[in-house]
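Under this note's numbering, the residues of the sequence shown are numbered 191 to 491, in order.
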Amino acid sequence: MLKLGYIGLGLMGKSMARNLLKAGFPLVVHNRSQAAVHELVQEGAQRASSPAEVAAQVDVVFTNLPDSPDVQQVALGPQGVIEGAHPGLIFVDHSTIKPATARTIAQVLGEHGVACLDAPVSGGDIGARNGTLAIMVGGPAEALERVRPALLAVGKTITHVGESGAGQIAKAANQIMVAAQMVAMAELLLFAQKAVADPQKVVEAIRGGAAQCWTLDVKPPRLFAGNRQPGFKARMQAKDLNIILETAREYGIPLPSAALDAQLFAAMLEHGWGDLDNSAVLNVLELMANTSLHTTPPDNP
């Protein structure tokens with residue numbers, strides 16, 4: 191059985207690492223915050239003091255980190271994966287980062303005999319806990335087949351999109367749709383309320399038609415209950431939209447709706463709402479509409 195390493199034990203990473211342990215894989219973990227490390231060590235993982243120490247003793251090292259600079263530092267920086275690299279090692283990055291960064295890491299680590307897979311995921315904290323994530327993969331097909339048993343412990347669907355960077359392009363495409371759905375949902379909820387209809391009944395009515403989507407299935411009950419906690423943090427959605435727009439500029443791609451969505455999520459950060467769920471972009475539209483969502487229709491004006 192493959193010996194695995196996991197670096198980055200945040201909201202998603204800790205659950206994914208736990209599912210690898212549950213599947214029986216030997217696991218070495220590292221994280222800046224030691225609370226998550228201690229928790230997983232109690233469940234059978236081994237502790238490592240640096241990314242280099244993780245890489246030196248495993249067959250596959252996974253990372254799940256906030257942004258492109260974090261992954262580059264962990265992969266290529268001092269005491270990084272590169273310093274523990276050995277022929278046959280596979281580096282799998284579950285973070286959402288710039289496609290160009292993924293390609294750079296793959297090139298540099300490749301020179302040290304390391305095969306790299308950019309393998310971002312979709313499905314949120316629920317999918318991470320339940321092992322039902324969608325995983326989109328860029329990199330060598332042979333490396334993917336070797337790590338597939340481990341990926342099946344954390345994901346339900348695994349799609350090889352293409353060469354290095356292709357997984358990140360697929361994730362960026364995913365995030366274009368996610369942001370659009372969150373904004374559209376916020377708009378329809380406030381539209382229903384201000385036009386004097388019950389938003390809950392409206393959602394019930396349209397979920398069975400062409401508007402049906404994961405967002406409408408999952409998010410409204412939480413919002414109606416007043417729960418705007420993550421989930422998937424708005425600051426991460428804003429970061430992903432910046433990646434999308436930067437990549438679009440590189441290739442000369444017009445993305446007018448994504449650009450508008452990026453402004454709305456940037457407004458969330460300006461108001462101090464970056465740690466709320468991405469569905470809480472509703473907060474921004476509530477301010478603009480001078481109202482707040484509630485679960486019963488308002489009195490007729």
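No residue lacks a Cβ here, since even glycine has one placed at the ideal position from N, Cα and C.
Computed from a prediction, not measured in an experiment: that's the story for all the values here.
A Cβ-Cβ separation of about 6 Å places L210 in contact with L217 under the 8 Å criterion.
Contact between R425 and L459 holds, since their C-beta atoms are separated by about 6 Å, short of 8 Å. Each residue's CA atom was taken as its position, placing V244 and Q427 some 29 Å apart. Counting along the chain, no alpha helix (DSSP H) covers F215, and no H or E run does either. Counting along the chain, no beta strand (DSSP E) covers A238, and no H or E run does either. The Cβ-Cβ distance between K204 and A235 does not fall below 7 Å.
In terms of Cα proximity to N364, the closest of A238, V251, L450 and T286 is T286. Beta-bridge partners of G195 (DSSP): V218 and V251. When C-alpha distances from Q402 are compared across A448, E301, M372 and G421, the shortest belongs to M372. Around the beta-carbon of G399, fewer than 16 other beta-carbon atoms lie within 10 Å, marking it exposed.
In the three-state reduction of the DSSP assignment, H228 falls in the helix class, which pools H, G and I. Distance from the CA of L413 to the CA of L466, rounded to the nearest whole angstrom, comes to 12 Å.
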